[in-house]
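Okay, so here's the structure we're looking at.
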Amino acid sequence: MKPITLKLTNFGPYEHEVIDFTKLDTAALFLISGPTGSGKTTIFDAITFALYGVGASDDRPVEELRSDFADLEAKTAVDFEFSHQGKNYLIHREPKQVRSKKRGSGTKEYPAVGKLKVFDNGNEIDEITKLQKINLTLESVLQINRRQFTQIVLLPQGEFRRFLVASSADKETVLRHIFKTIGYQKWGEAIKERLKGASQKAKQWQLAIEQGLSRIKWHQPETIEISKLTNEQQIELLKHQQSAAKIVLDDHEKQVQNQQTQVAQVQQEIENTQKINTQISELNKYQERLTHLKAKRSAMEALGHLVADLEWTNQHLADQQRLVELNGQINNYEAKLNEIHQKIAEQQLVSSQLQKQSDHLISLASENQIRMDRLSVDKHQRPELERYQQKQAQLAQIVKQHAETEVQLNDCNAKRDRLDQQLQFNVQQLDQLPVLKDELNELKHQVDQLTPVKKRCNDLITQSNDLNMINKQLTQDRQLITDHKQTTKALKADYERLNDEFIKNQILILASQLKPGTPCPVCGSHEHPMPAKFSSEQVISEAAVKSADQNYQKAAKELAKFTSRINEQTIQFTKQSDDLKKQRMELLAEITPFTTVDQFVSIQNLAGIVDKEVTKRVAQIDEVNQQVQRLNQLMVDNEHLHSKITKLDGQQSDLRQVQNDSSIQMHGLKTQISDILAGLPSGINDITALDAEIDSLTNQINQYQTAVDKLKADQSNNRELMSSLNAQLETTQEDLNANQDDYQQKFKRLADLLKTRFTDDGWDYFTKLLARLNELAQLQSQLAEYQDELKLLENNITTYQKIVGNQQARDLTAAKQHLGELKQQASALAKQFQADRDEFKLNDATMSEIINNNRRIGNQAQKLNELTLLSETVNGKGDAKLSLERYVLRAQLVAILGIANSYLSNLSSSRYQLKLHDGVGSNQSDTGLEIDVYDDNVGQYRSVHTLSGGESFIAALSLALALGEVIQNESGGINIDTLFIDEGFGSLDRDSLQTAMDALENIESSNRTIGIISHVMMLQEQIPVQLKITPIGQGRSRTNIVAP
């Protein structure tokens, strides 16, 4: 995949920017440079967004990359063209964004859109507009996903320097995400959890055995101490105890059964005797009751006669009730006859009164005719008088309307004057609007200029804090150097002392061996008058001298190495401090146009000043915005005022027309009123009085006619009512005669029946029986109960006499006492048996549980041992301290190091080679993925921690390039023609940076272009081909390609 062009529209700090990557093909190495925050990494975000629809990092959604300075009408878009395997691909994408509506006012959220065009030899062969299909097509073409793309194309070289010297545990964390070996880690954790669960179960089973044995009720001699026995011994002892207890328990059960049988026999004998005694007692009771009932026999016979009479009376009750009913009807008919006679008399009186009213109305007929004639005259004159008064009312209404129109016209004139004044005032206010808009634009421009300054202040504060921490660490390191110098000085002095003593000892040894005439090895004299004396306390071995020398040399080397590193860090600290001061002065120069700042102000206070200035201008922007909004509202108000004035002008014209029309109407009405008055009789000019007279005459005529009509109706009703009453009188008399005849016949029949059953006083006795009919049911029940009970007693006595025979009642006191004693004995035996059986069952259940858990432990032992060994092996808890995941990653890292060494050999002129450390570390975290470096100059391996800054850079760069190549191979052999190395150079000193530059220039890139993203000045001086990014203010940046 080779980039061709990248077009950025309102994306990040880029408003309209086009980057032509073909201009960077002139060199294998180019630089992307620019100040911090200028938008270097944004270019990579744009490429990733074009290819995958998301940014390079998950930390910032791509929607947030829309430029802050973009107008609401402007789109945010990325256009990216690249070539791959002989074809060109042109991608256009727009992220989800909020812009102005195409129609109407306001904003709306537009969804993400995209378009992919594919070209072959300059001819378009395909176009795709659906986002999902675009994503699938590009991933199919590139054969790598977004995560792999960011790992391959953008190499975080600084991270690989840290990776190079990281512990095995830290390397494992990084490589796990790259090679997706987390499954091995989860497998190890699953095995560990399984082992934990199995061990927990075994512990639970063991605990259950111990708890079960503690619940056992033992029956053993005191000589046996149960607590001192093992679990297996206790289990065997428990088995023997349960066997013996089972035999004893069976014997006790037989004893309980025998005792219960004896109790049942005695209890049955007592129950039989009690039954006979009860039957004898019942027989005696029945006999006594029979005697009592026989004494009441005569009374019951009288009760039987009474019941028979009541039953006969009840049968003839309907006859008696019919007589009562007929007697009531006769009384009703007689009362009704009297009422009819009274009503006939009343109607005869009414007829006489109606005749008098008729005579009176006939006498008033002439007066009523006079009223009717007068009413006819009045009605004839009323239309003309009504027309006169209508014209008068119309005239009054028009006069009133004319006056109201005059008032309305005056009101319109006053409103028109007020609106003109308000319009003139608003126009004067609107003259300030252009000035306010210019002021608002200037304030926004200042905020746009101050905002990046504020961000740079915060960045400088962070850099200042970091430098303070570095300075503090350097101070501590210098103190360590001082201590180390003293230690080295002491070791040197100790070595020199021992060496001097060793030489003296050698001289003493030689002196002790001198012979007369032999030349001294020191001075050559043949005479030895005073040879040195040897003292055993001064003996120093050669080994001690060598050991002291080695300690001194080792300390001296460490001191030199430590001193060199501190000097490098000091130089770097000084450079960064100078750079910080330079950036601070640049910020002061940028802030000076906005406010007066002391040149010695601290960075923290400078940030506060900038924040205060931004806040101040934001507040001013809000205030000016409010004024602009107020003036904009005045413009809207002016439009409303013009509309109101136009409306008032129309109203004034309409009112003047109404005035003219009403004047004409008033003149015409007055002429018509004069003509009407000339045609009316004198004195008739009030229609209200005329209407009152018409209403009065009409009422009097209507009252007379109503009286006549009512009299006729009353006379007709009187005649009809008299006819009806005479008919009722005749019918009622006939009904009364018929009921009287029926009553006489029924009374005679019932009297004959009473005389036949009850003799002469039958009516009195019959009346008494009628009063007691409500007692009939109770008396019948009483008589039936007596007869039923008498019959039942006789049957029961016969039955019990046959059962009892000649037997007599017996006393059961002694037998019950004997039964109670037997029950107590049986209860005691059963209670003891139940307790023994419960104890046996509890021990037996506990023993079964113990034996089952013991068997589980035995079955689990072998499995637990195998699982323990597997868990230790997979999770690296054995002697090798190498987990399965780390073993797999170790193989991956060996492959990476193999490729890295091909780069490193070229970069270091075959001096260095990387290999995995073979030894086992002190703990698991530093075992398995440690890296050593072979130094051909010394012919041995050493730790990568001993590499200098430049050496560690080329080693880390080789490792980064190798990892990218491995990921490409695993992704289907995809070929990436352009790579980016992100930062990692700012922490190098000048010599290390020069080594890194030499290494990059010597890379065999195989037509692959490498871009370095950095703001380091030395790189800008040494790399001729550059993509420079320059901030231009207000959050905007521009790009420029520099090539020789």
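Note that full-length UniProt numbering gives residue 321 to position 321 of the sequence shown, counting from 1, and the numbers run on in steps of one.
The beta carbon of each residue, even a glycine, is placed where N, CA and C say it ideally should be.
Classification of residue i by the beta-carbon crowding that lies within 10 angstroms, buried from 16 upward
i, result
"serine 663", "exposed"
"glutamine 787", "exposed"
"serine 536", "Confidence at serine 536 is low in this model, with a pLDDT of 46, below 50, so the placement of that residue is unreliable and no value is reported for it."
"glycine 183", "exposed"
"aspartate 838", "exposed"
"glutamine 265", "exposed"
"alanine 900", "buried"
"tryptophan 205", "buried"
"glutamate 15", "buried"
"serine 33", "buried"
"methionine 585", "exposed"
"isoleucine 19", "buried"
"aspartate 45", "buried"
"glutamate 885", "buried"
"glutamine 1026", "buried"
"alanine 414", "exposed"
"glutamine 262", "exposed"
Close Cβ partners of residue i (< 6 Å) along its chain, the five nearest in sequence each way excluded
i, result
"leucine 290", "Leu793"
"leucine 116", "Ile91, Ile128, Ile134"
"glutamine 620", "Leu443"
"threonine 5", "Asp20, Glu81"
Start and end residues, alpha helix (DSSP H) containing residue i
i, result
"lysine 791", "776 to 804"
"leucine 729", "687 to 758"
"glycine 1033", "Not the alpha helix (DSSP H): glycine 1033 falls in the beta strand (DSSP E), residues 1026 to 1033."
"glutamine 348", "317 to 363"
"histidine 240", "231 to 294"
"glutamine 583", "542 to 591"
"residue 1048", "No statement about residue 1048 is possible, as the shown extent of the chain runs from 1 to 1044 and does not include it."
Own chain residues within Cβ distance below 7 Å of residue i, not counting five before or after
i, result
"alanine 955", "Leu164, Leu904, Tyr912, Leu914, Val933, Val944, Leu947"
"arginine 757", "Trp312"
"aspartate 120", "Lys87"
"leucine 754", "Gly762, Trp763, Phe766"
Bridge-paired residues (DSSP) for residue i
i, result
"alanine 77", "Thr9"
"tyrosine 941", "Tyr934"
"asparagine 123", "Asp120"
"serine 83", "Lys2, Asn88"
"threonine 107", "Ser100"
"histidine 642", "In the DSSP output, where bridge partners are listed per residue, histidine 642 has none listed."
"tyrosine 14", "Phe11"
"lysine 115", "His92"
Limits of the unbroken beta strand (DSSP E) element including residue i
i, result
"valine 1042", "1036 to 1042"
"isoleucine 209", "Here isoleucine 209 belongs to no beta strand (DSSP E); instead the alpha helix (DSSP H) covers 182 to 215."
"asparagine 145", "Segment: none, asparagine 145 is in no beta strand (DSSP E) and carries neither H nor E."
"isoleucine 899", "Unbroken run through isoleucine 899 is the alpha helix (DSSP H), 884 to 907; no beta strand (DSSP E)."
"isoleucine 916", "Isoleucine is not the amino acid found at residue 916; the sequence shown has leucine there. Start and end: 912 to 916."
Beta-carbon proximity list for residue i, same chain, < 8 Å, skipping 5 on both sides
i, result
"alanine 198", "Gln860, Lys863, Leu864, Leu867"
"leucine 51", "Phe80, Ile91, Leu138, Leu142, Arg146, Phe149"
"isoleucine 1032", "Arg1038"
"glycine 1035", "Pro13, Ser67, Asp68, Phe69, Asp448, Thr451, Pro452"
"threonine 107", "Leu72, Val98, Arg99, Ser100, Lys101"
"isoleucine 481", "Leu559, Phe562, Thr563, Ile566"
* **the segment 21 to 40 contacting the segment 1009 to 1018, beta-carbon criterion three pairs below 8 Å** => yes
* Does the segment 324 to 340 touch the segment 727 to 740, meaning 3 or more C-beta pairs lie closer than 8 Å? -> yes
* Asked: Do the segment 813 to 832 and the segment 297 to 312 touch if we need at least three Cβ pairs shorter than 8 Å?
  -> no
* So does the segment 63 to 82 actually touch the segment 90 to 99, counting three or more Cβ pairs closer than 8 Å? -> yes
* Could you say if the segment 397 to 408 and the segment 600 to 613 meet the contact criterion of at least three C-beta pairs nearer than 8 Å? => no
* Hey, is the segment 565 to 583 in contact with the segment 473 to 483, meaning 3+ C-beta pairs nearer than 8 Å? -> yes
* Segment contact flag, the segment 312 to 326 with the segment 805 to 815, C-beta cutoff 8 Å, min 3 pairs -> no
* To do: Take every Cβ of the segment 587 to 594, pair it with every Cβ of the segment 448 to 467, and state whether three or more of those distances are shorter than 8 Å.
  => yes
* Report yes or no: do three or more beta-carbon pairs, one from the segment 850 to 860 and one from the segment 208 to 219, lie closer than 8 Å? => yes
* Report yes or no: do the segment 403 to 413 and the segment 647 to 658 share at least 3 C-beta pairs separated by less than 8 Å? => yes
* Count the C-beta pairs between the segment 793 to 807 and the segment 270 to 287 that are closer than 8 Å, then say yes if the count reaches three, no if not. => yes
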